[in-house]
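Undergrad: Numbering (our numbering), first residue to last: 48 to 340.
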């Protein structure tokens, strides 16, 4: 399985990096086109790009972060391709949700993906998260990912639009995917200690391995392709909306909820920190400013 998957790993890593490049270019174009509103006199935001490395094991990635833009208050778009040996704690965490015979004896792994979180200036423009990834061991492989919208002030029309774009891309592959993965997102992005969801959901899936690698990869690519039309449609509609100090207060408090979720529950955050990836890249999802009351 190791030799057979070398080309597939390269193909997946190349796709995730190309998606990263597309999104970075699209976000900078959105900054250029933000010519009205209270921050229009600022220079358009640009990404700071940093190469990252992964501890004593292999691989690394690209961390791209924009701060203080006209439209984006903070946004990170990260790509990585890493490999090494899973620590016993990480092996145990995986075994708790997926039976992988042989992993304890041979805990080598490879993983690649793109991860994105955007926190917006305008409280009427929702924050958003997206990631897609492939994971490989000598004993198994799978894909995972999804995207979800996180408004502090929900607009039903925007929620429906975002979900409809995701559904259209899912339905091209399997009409059961959207309802299954929407329900999974509703469960995954729930914040138990607050008794509420962190946003209005989207789709989430993990451990996707039908046995047909090309089919699962094609679906994961379409999850990535769905992101820009879903997000930019909502963003361009709301980015010039007038907001009040009360709206900003709601945004800051909602960001506190987002930070709590990512630090306490998010599987990707835990995996990245436990496997020695660059901490700044792992924690780029945290908002630039938040508030607790």
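A virtual CB, placed ideally from N, CA and C, is assigned to each residue, including glycine.
#1: Using only CA atoms, which one of 61, 54, 53 lies nearest to residue 268?
#2: Restricting to Cα atoms, I'd like to know which of 95, 130, 167 is closest to residue 57.
#3: Could you check whether the segment 173-181 touches the segment 257-276, counting it as contact only if at least three pairs of C-beta atoms, one from each stretch, sit closer than 8 Å?
#4: Hey, residue 109 and residue 125: beta-carbon distance below 8 Å or not?
#5: Which residues mark the beginning and the end of the beta strand (DSSP E) in which residue 164 is found?
#6: Output the boundary residues of the beta strand (DSSP E) element that contains residue 118.
#7: Could you tell me which residues DSSP puts in a beta bridge with residue 200?
#8: Do residue 168 and residue 204 count as a contact pair if the criterion is CB distance below 8 Å?
#9: Taking the alpha-carbon positions, what's the residue 216 to residue 66 distance?
#10: Quick one: is residue 255 near chain E, going by C-beta distance under 8 Å?
#11: Can you list, in chain order, the residues of its chain whose CB lies under 8 Å from that of residue 261, leaving out five sequence neighbours each side?
#12: For residue 293, does the count of other Cβ atoms within 10 angstroms reach 16, so buried, or fall short, so exposed?
#13: Taking the alpha carbon of residue 247 as the reference point, which residue from 240, 230, 255 has its own alpha carbon closest?
#14: Does the distance from the CB of residue 107 to the CB of residue 127 come in under 8 Å?
#15: Here's the rule: buried if 16 or more other CB atoms are within 10 angstroms of the residue's CB, otherwise exposed. What is residue 210?
#16: By the three-class DSSP mapping on this structure, what secondary structure does residue 94 have?
#17: According to DSSP, what are the bridge partners of residue 110?
#18: If we call anything under 8 Å between Cβ atoms a contact, is residue 153 one with residue 185?
TA: In terms of the structure at hand:
#1: To locate residue 268, count along the chain shown from 1; it is residue 221. The option with the nearest alpha carbon to residue 268 is 61.
#2: In the chain shown, the residue the question calls residue 57 occupies position 10. It is 130.
#3: The segment 173-181 makes contact with the segment 257-276, as at least three CB pairs between them are under 8 Å.
#4: Within the chain shown, residue 109 is the residue found at index 62, counting from 1. Within the chain shown, residue 125 is the residue found at index 78, counting from 1. For residue 109 and residue 125, yes; Cβs fall inside 8 Å.
#5: As a working mapping, residue 164 is identified with position 117 in the chain shown. Note, residue 164: beta strand (DSSP E), 155-167.
#6: Translated into the one-based positions of the chain shown, residue 118 becomes position 71. Here residue 118 belongs to no beta strand (DSSP E), and DSSP marks it neither H nor E.
#7: Position 153 of the chain shown, counted from the start, is the residue given in the question as residue 200. According to DSSP, residue 200 bridges with nothing at all.
#8: Locating residue 204 in the chain shown gives position 157, where the first residue counts as 1. Locating residue 168 in the chain shown gives position 121, where the first residue counts as 1. Not a contact, by the Cβ cut-off of 8 Å.
#9: As a position in the chain shown, residue 216 is number 169, starting the count at 1. As a position in the chain shown, residue 66 is number 19, starting the count at 1. Distance between the alpha carbons of residue 216 and residue 66: 16 Å.
#10: No chain E appears in the structure shown, which is made up of a single protein chain.
#11: Here residue 261 corresponds to residue number 214 of the chain shown, with the count starting at 1. There are no such residues.
#12: The count along the chain shown starts at 1 and reaches residue 293 at position 246. The residue in question, residue 293, is exposed, as its Cβ has fewer than 16 Cβ neighbours within 10 Å.
#13: Taking the chain shown and counting its residues from 1, the one referred to as residue 247 is at position 200. Answer by Cα proximity: 230.
#14: Position 60 of the chain shown, counted from the start, is the residue given in the question as residue 107. Position 80 of the chain shown, counted from the start, is the residue given in the question as residue 127. Closer than 8 Å, so yes.
#15: For the purposes of this step, residue 210 is taken as the residue at position 163 of the chain shown. So residue 210 counts as buried.
#16: Translated into the one-based positions of the chain shown, residue 94 becomes position 47. Three-state DSSP puts residue 94 in coil, outside helix and strand.
#17: Reading the chain shown from its first residue, position 63 is the one you call residue 110. Answer is 97, 125, bridged to residue 110.
#18: As a working note, residue 153 is residue 106 in the chain shown. As a working note, residue 185 is residue 138 in the chain shown. A contact, by the Cβ cut-off of 8 Å.
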